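What follows is one structure encoded as structure tokens, with my remarks underneath.
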RNA sequence: GGGGAGAUACUCAAGCGGCCAACGAGGACGGACUGUAACUCCGUUGACUACGUCUUCGCAGGUUCGAAUCCUGCUCUCCCCA
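What follows is the structure, encoded as structure tokens:
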């Protein structure tokens, strides 16, 4: 049993901890759980800390349990929310649970032969059979409304600052979560619940329930909210959330998100989102400080997290894609790509179709940029861009008199147009 | 109800009869620099069959050789007094 709490501490992953937790975990192998909300069919990187905590827990020799809130997802957690939550219907929920399960399986070892294997549970499985009468008599009886009202998540919503009231459904939420903890305590000897710092109130309702109902002792650990130094929200880009599922956020974009971290954030993130040892990280940091322009931290961070999330192959493709988009690649590099990789790299790039005959006759640049494709908003705009030396065909700068011909086709059907460094357009020849 | 000010490009904001496709600032985009960053510097920012032509300054008319600019009506916004 290695020191799990110390591991979290130096990585900056410890926010709150119940007294005696550290000693208990050092001396006893136990099970601990974290809940995941199935609010979408994939988790995003906001949940990554929680996943890492579970993995650290497993690495320390304990049994991690990932709980999917199939039942609680139907109720809605009021923590950190200023308005009543939308409830999900059963079909959506089922789809979401499957997606979340897939995310978790990439990180945690659910292998049945390991003696501290990870386990996945869905609280719907035990919640669905409890009748209202049972719940009110056996669980509600142990917790006073006074106790529940004292929680921050509840107080905030009851205060005059909140413009919306809180429904009984949401008020009950903490009891549901508390019951989960009690259930796992009873059934799986689970003595620890972990979660984001906003979960402290819900977690302690659980330990309270265990104390009153089972005369037991249970522990709690919360992790801090991950923030960025510039104050913008972690895990958000212009395009929305950064998801763990490759259908929603391609491995390439995922890698790019981490790679673009600021120096300060990278130092923070590499502790939180990789399993590299303390020595390795410290030497990386000092190396980075000597040669910041090499961005060693960001590159290592990007590699580690992307490999963990999407696998080695996906990372290598993302790296290849990155060097093509940002490195000094040439037309022949582009032409060496197979069609699938090429399409992955330029996924989401605006496309337009031109007919084969146009290319065979030779397509002039005005036609390729505006007249036939509407990439730029007018022919004049196209002329300006050409005059500014801003246009490239297949990564090579071209002048106004350039004619696109058969020789410029990639995979026999694509031409890559580029305005400036970052704006790409894909010409599909049919 | 009475009086006054105003409406200009993505935004703010000049222009008040020809030199206006319209000063300037911000934004956006591009170029150089750079770490796929920040800063800085430079350029572009109505359209077209392009050293010329066409359409734009709230809307609709009018005066004039010529209107963003003057006149009339309309729509909207703001301010002051009741």
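In our numbering, the protein residues as written are 2 to 431. Ideal Cβ placement from N, Cα and C applies to all residues, glycine included. All values derive from a computational prediction rather than experimental measurement.
Residue i - containing beta strand (DSSP E), residue span
i: residue 274; result: Residue 274 -> no beta strand (DSSP E), and no H or E assigned at all.
i: residue 419; result: 415-420
i: residue 353; result: 352-355
i: residue 36; result: 32-37
i: residue 224; result: 220-224
Nearest-angstrom Cα separation, counted from residue j out to residue i
i: residue 74; j: residue 39; result: 6 Å
i: residue 334; j: residue 325; result: 8 Å
i: residue 271; j: residue 321; result: 22 Å
i: residue 279; j: residue 219; result: 29 Å
i: residue 148; j: residue 166; result: 19 Å
i: residue 251; j: residue 317; result: 13 Å
i: residue 265; j: residue 293; result: 11 Å
i: residue 379; j: residue 421; result: 17 Å
i: residue 103; j: residue 123; result: 14 Å
i: residue 201; j: residue 211; result: 15 Å
i: residue 243; j: residue 419; result: 26 Å
i: residue 194; j: residue 58; result: 11 Å
i: residue 186; j: residue 323; result: 47 Å
i: residue 439; j: residue 188; result: Residue 439 lies beyond the residue range present for the chain, which begins at 2 and ends at 431; the question has no answer from this structure.
i: residue 1; j: residue 407; result: A query on residue 1 cannot be resolved here, the shown segment of the chain reaching from 2 to 431 and no further.
i: residue 24; j: residue 423; result: 53 Å
i: residue 198; j: residue 226; result: 6 Å
Residues near residue i by beta carbon distance below 7 Å, same chain, minus five either side
i: residue 214; result: 143, 183
i: residue 268; result: 286, 298
i: residue 332; result: 395, 396, 397
i: residue 229; result: 235, 266
i: residue 409; result: 394, 395, 416
i: residue 400; result: 387
i: residue 107; result: 310
i: residue 356; result: 431
i: residue 45; result: 236, 242, 243, 244, 245
Same chain, Cβ closer than 6 Å to residue i, five either side skipped, listed in chain order
i: residue 256; result: 303, 307, 319
i: residue 336; result: 411
i: residue 351; result: 426
i: residue 64; result: 32, 117
Endpoints, alpha helix (DSSP H) assigned at residue i
i: residue 336; result: 332-337
i: residue 193; result: Note, residue 193: premise wrong, no alpha helix (DSSP H); beta strand (DSSP E) at 191-197.
i: residue 394; result: Per DSSP, residue 394 belongs to no alpha helix (DSSP H); it is in the beta strand (DSSP E), 392-394.
i: residue 427; result: Segment 424-430 is the beta strand (DSSP E) holding residue 427; no alpha helix (DSSP H) there.
i: residue 329; result: Note, residue 329: premise wrong, no alpha helix (DSSP H); not H, not E.
i: residue 343; result: 340-346
i: residue 1; result: No answer is possible for residue 1: the residues shown for the chain start at 2 and end at 431.
i: residue 23; result: 22-28
i: residue 257; result: 252-260
i: residue 382; result: 380-388
Cut-off 8 Å between Cβ atoms - residues of its own chain near residue i, not counting five sequence neighbours on either side
i: residue 282; result: 271, 272, 275
i: residue 353; result: 373, 374, 375, 376, 426, 427, 428, 429
i: residue 129; result: 72
i: residue 343; result: 335, 411, 412, 415
**Item:** Given 8 Å, three or more beta-carbon pairs between the stretch 195-208 and the stretch 168-181
**Value:** yes
**Item:** Runs of beta strand (DSSP E) wholly within the stretch 59-122 (minimum 3 residues, chain order)
**Value:** 64-69
**Request:** Assess, as a yes-or-no matter, whether the stretch 30-38 is touched by the stretch 6-14 under the definition of 3 or more beta carbon pairs within less than 8 Å.
**Result:** no
**Request:** May I have a chain-ordered list of the beta strand (DSSP E) segments no shorter than 3 residues that lie completely inside the stretch 128-197?
**Result:** 191-197
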